[in-house]
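Undergrad: Below: one structure in structure tokens.
Numbering (my numbering), first residue to last: 16 to 227.
As structure tokens, this is what we get:
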């Protein structure tokens, strides 16, 4: 079967997360390339080849994150206990918002909001954890249509409660020491140890050559 010519390809495009129960978007094509118009939600793309003998195993590809640039909306988040109230500028009310939020790729939630009148509320936020919130807009609100119609409106990051960093900066090194200067550098604190947005660093030093 391996020597027979490939007749075409099957491409499944699956949104992550996806609270809809319908199967992934299934595409059949002859070419070895496809242009997908996707939002900034995460997507899993499964590709297989087929010939007269059958279908190959799937190759799985996760569409990588890309930087936030030139999005039309600005999100504003206000903490209310374990909940977060989301507002946005400029004023915009599509038929529905599709919202993704969570602490990482393996822990994202999806919510479809059709009754937003200037704000909506997300629930069950835990303190000291960094959440990513993505708001997409769609003028077609059926589940199977989001992949083709949703466009990312705004993205932000949010702590419901901030705390003091769990650790100090690691791997502090002092280089290029001279009589009057030294080059000090360190590694970033791991995201899970920040417990809040870092505002900066405080450096304290003493001149050990001076008498007390």
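Yeah, the Cβ is synthetic: ideal placement off N, Cα and C, and Gly gets one too.
Buried or exposed: which applies to residue 16, given that a residue is buried once 16 or more other Cβ atoms fall within 10 Å of its Cβ?
TA: Only weak support is given to the placement of residue 16: the predicted model assigns it a pLDDT of 40, under 50, and the question is left unresolved by the model.
Undergrad: Beta-carbon within less than 7 angstroms of residue 30's beta-carbon, same chain only, minus the 5 sequence neighbours each way: which residues are those?
TA: The answer, listed in chain order, is 56, 58, 161, 162.
Undergrad: To which residues does DSSP link residue 115 through a beta bridge?
TA: Paired residues: 125, 149.
Undergrad: Name the two residues that bound the continuous beta strand (DSSP E) containing residue 163.
TA: It is not in any beta strand (DSSP E) - residue 163 instead sits in the alpha helix (DSSP H) that spans 161-164.
Undergrad: Using C-beta distances below 8 angstroms, list every residue in its chain close to residue 227, excluding the 5 sequence neighbours before and after it, in chain order.
TA: The predicted model places residue 227 with a pLDDT of 45, which falls under 50 and marks its position as unreliable, so this point remains unresolved.
Undergrad: Flag this pair as yes or no: are the beta carbons of residue 169 and residue 150 separated by less than 8 angstroms?
TA: Yes, Cβ-Cβ distance for residue 169 and residue 150 is below 8 angstroms.
Undergrad: If distances are taken between C-alpha atoms only, which option among 200, 183, 184 comes closest to residue 191?
TA: Comparing Cα-Cα distances from residue 191 to each of 200, 183, 184, the minimum goes to 200.
Undergrad: I'd like to know if the region 43-53 and the region 92-106 are in contact, where contact means that at least 3 CB-CB pairs between them fall below 8 angstroms.
TA: Because the criterion of three Cβ pairs below 8 angstroms is not met, the region 43-53 and the region 92-106 do not touch.
Undergrad: Among the candidates 21, 208, 97, 125, whose CA atom is the shortest distance from the CA of residue 158?
TA: The candidate whose alpha carbon is nearest that of residue 158 is 125.
Undergrad: Could you name the residues of the same chain whose beta carbon sits closer than 7 angstroms to that of residue 182, not counting the 5 residues immediately before and after it, in chain order?
TA: Same-chain partners within the cutoff: 204, 208.
Undergrad: Just verifying my parser: in three-state terms, what is the DSSP assignment at residue 207?
TA: Of the three classes helix, strand and coil, the one that applies to residue 207 here is helix, per DSSP.
Undergrad: Shortest alpha-carbon distance to residue 72 belongs to which of 25, 173, 206?
TA: Here the closest residue by C-alpha is 25.
Undergrad: Between the C-alpha atoms of residue 68 and residue 23, what's the straight-line distance to the nearest angstrom?
TA: Looking at the two C-alpha atoms, the distance is approximately 12 angstroms.
Undergrad: Enumerate in chain order the residues of its own chain whose CB-to-CB distance from residue 32 is below 7 angstroms, with the five nearest sequence positions on each side excluded.
TA: Excluding positions up to five away in sequence, the list reads 115, 123, 124, 125.
Undergrad: With a CB to CB cut of under 7 angstroms and the five nearest residues on each side skipped, what residues in its chain are close to residue 219?
TA: Taken in chain order, the list of residues that qualify is empty.
Undergrad: Could you check whether the Cβ of residue 153 sits closer than 7 angstroms to any heavy atom belonging to the ligand FAD?
TA: Here there are no bound small molecules, and the ligand FAD is not part of this structure.
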